[in-house]
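Engineer:
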Amino acid sequence: MQLSEKRPLWQIVKPFLTAFDGPLTLIIFLILSTGIVTLYSAGIDFPGRVEDQLRNILVSFVIMWIAANVPPQTLMRFAVPIYTVGVALLVAVAMFGMIKKGARRWLNVGMVIQPSEIMKIAMPLMLAWYFQKREGMLRWNHFLVAAMLLMLPVFLIARQPDLGTSLLVAAAGFYVIFLAGLSWKVLLGLFIAGGASLPVAWTTMHDYQRARVMMLIDPTEDPLGKGFHIIQSTIAIGSGGIAGKGWLNGTQAHLEFIPERTTDFIFAVFSEEFGLIGNGVLLFLYLLLIARGLIIAANAPTFFARLLAGAITLIFFTYAFVNMGMVSGILPVVGVPLPFMSYGGTALVTLGLGAGILMSIQRHRKLVQT
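If you want it as structure tokens, here you go:
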């Protein structure tokens, strides 16, 4: 009796890896590797951070792989239920959510969850589905309904209060509306109306939110209090110079001058240790990430897939731009992590899910073509 030959390990593993888009996976891996190297230095006084982040990365890749295997048509069928559940959870948070540090953002459903994170993906999914159903017959009232679908969760998140997440969800929805064909005239009108409403918005902001805006203008007004974050992070970035102080040699981080140095302000640690050259390399990696996402969006086979891929890609851009902007002192501090760099499980899983959806769109386009 002839024994069957054993297949090489690569042939066994290969079918499972075909779900990953090669260029996108490589770019994300390089950014994650850069993040782990930086986190090791930034978290040297926090034992277990690197190990926890490696576990988060593993979970993120599992989520990415699962999402990459789900066809875009299936994602479209789940758009409305996911959005509905997300909004219902946000309402539940407003009614009986957990309060931590003065904010009501969490819900205990056997385990503690933050429903606002769901909306970062649910929002573009819902709006992409909405516009797909009306492709070729879009009218101004359709954009108005889309804006209402967007503003409901944004309002619920903003009142928690969680300005950073509400801005990200608003941006995710806006990108879909814009890519669906929103007129430039309407955009100009919205920009003017937004500028005119700033005095009213200022009066509705919480004290800590107004303080963040004021510290952006002049952080030296409260150098040991509310302006401390911005002052120390900009010192770290500037002290890195051209080539940086070298890995593990960042004094601002290791002397504990940089707050939240493993999460929101990890870019300051990276800048101090790797300097302008390192920042250039990191920016190039993010540009490659965005470029690959836009290529996937441009080649997507359906209106739904194009809108969803374009919005997710621009969400990645928003994460990176807002984080680097706030750390370098050109934007207010709003608590947005640096994508695939900052320590944290929830944001990494959300980003991995977004990347998996991009891979799904690219993979199933190839399957349709073949």
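Position in the sequence shown (from 1) plus 10 gives the number in this note's numbering. Just so it is clear, CB atoms sit at the ideal spot from N, CA and C, and this is done for glycine as well.
1) Could you name the residues of the same chain whose beta carbon sits closer than 8 Å to that of P171, not counting the 5 residues immediately before and after it, in chain order?
2) Among the candidates F326, S70, E283, whose CA atom is the shortest distance from the CA of G303?
3) Straight-line CA distance for G256 to I245?
4) By a C-beta neighbour count over all protein chains shown, 10 Å radius and 16 as the cutoff for buried, is V332 buried or exposed?
5) How long is the line joining the alpha carbons of V72 and P57, rounded to whole angstroms?
6) What's the C-alpha gap between A319 and L34?
7) Within the same chain, show all residues whose beta-carbon is closer than 6 Å to that of M129, passing over the 5 residues directly before and after it, in chain order.
8) Should M382 be labelled buried (16 or more other beta-carbon atoms within 10 Å of its own) or exposed?
9) When DSSP labels each residue in this structure, what does V122 get in the three-state scheme?
10) G250: buried (16+ other C-beta within 10 angstroms of its C-beta) or exposed?
11) Spatial neighbours of R271 within its chain, please: C-beta separation below 6 Å, excluding the five flanking residues on both sides.
12) Taking DSSP as the reference, what is the three-state secondary structure of A113?
13) What whole-angstrom Cβ distance do I92 and A132 have, given they're in contact under 8 Å?
14) Check whether the stretch 191-208 and the stretch 292-308 are in contact - that is, three or more C-beta pairs closer than 8 Å.
15) Kindly indicate which residue of L358, A102, I227 has the alpha-carbon position closest to the one of P347.
16) What would DSSP say about M108, mapped onto helix, strand or coil?
17) What are the uninterrupted segments assigned as alpha helix (DSSP H) that are 4 or more residues long and contained completely in the stretch 167-208, given in chain order?
18) Between the stretch 368-375 and the stretch 79-86, are three or more C-beta pairs nearer than 8 Å?
19) Taking L234 as the reference, give the member of Q124, L137, I67, F267 with the closest Cα.
20) Evaluate M11 with the Cβ neighbour count: other Cβ atoms within 10 Å of its Cβ, from every protein chain shown; 16 or more gives buried, anything less gives exposed.
21) Can you tell me which of the three DSSP states I37 falls into?
22) Name the residue from P209, F294, L173 whose alpha carbon lies nearest to the alpha carbon of R222.
23) State buried or exposed for F294, treating a residue as buried only when at least 16 other CB atoms are found within 10 Å of its CB.
24) Which residue comes first and which comes last in the alpha helix (DSSP H) that contains L234?
25) DSSP three-state label for Y353, please.
26) Helix, strand or coil for G250 per DSSP?
27) In whole angstroms, what separates the C-alpha of V155 from that of A168?
28) Excluding the 5 residues flanking M136 on each side, which residues of the same chain have their C-beta closer than 7 Å to its C-beta?
Structural biologist: From the atom records:
1) The beta carbon of P171 sits closer than 8 Å to those of A113, H216, Q219, all from its chain and outside the five residues before and after it, given in chain order.
2) Closest option to G303, Cα to Cα, is F326.
3) Spanning the two alpha carbons is a distance of roughly 16 Å.
4) Its Cβ being crowded by 16 or more others within 10 Å, V332 is buried.
5) Distance from the CA of V72 to the CA of P57, rounded to the nearest whole angstrom, comes to 25 Å.
6) Distance between A319 and L34, taken at the CA atoms: about 13 Å.
7) The residues are G96, P163, V179.
8) An answer regarding residue 382 cannot be provided, because it is not within the stretch 11 to 380 covered by the chain.
9) V122 falls in the strand class under three-state DSSP.
10) Result: buried.
11) Cβ within range, chain order: A52, A263, V279.
12) DSSP places A113 in strand when its eight states are reduced to three.
13) With a Cβ gap of about 5 Å, I92 and A132 count as contacting.
14) Output reads no: the stretch 292-308 does not touch the stretch 191-208.
15) Ranking the options by Cα distance to P347, first place goes to L358.
16) The answer is strand: DSSP assigns M108 an E or B state.
17) 173-189, 194-206, all fully within the stretch 167-208.
18) Cβ pair count under 8 Å is three or more, so yes.
19) Nearest option by C-alpha distance: F267.
20) Caution applies to M11, whose pLDDT of 42 falls short of 50 and renders its modelled position unreliable; the value that the coordinates give is listed next. That one is exposed.
21) Helix at I37.
22) The option with the nearest alpha carbon to R222 is L173.
23) Exposed.
24) Unbroken run through L234: none, as it is neither H nor E.
25) Looking at Y353 - three-state DSSP - the assignment turns out to be coil, as it is neither helix nor strand.
26) Coil at G250, not helix or strand.
27) In this structure, the alpha-carbon of V155 lies about 20 Å from that of A168.
28) Excluding the 5 residues flanking it on each side, M136 has same chain C-beta neighbours closer than 7 Å at A89, V90, Y93, L159, in chain order.
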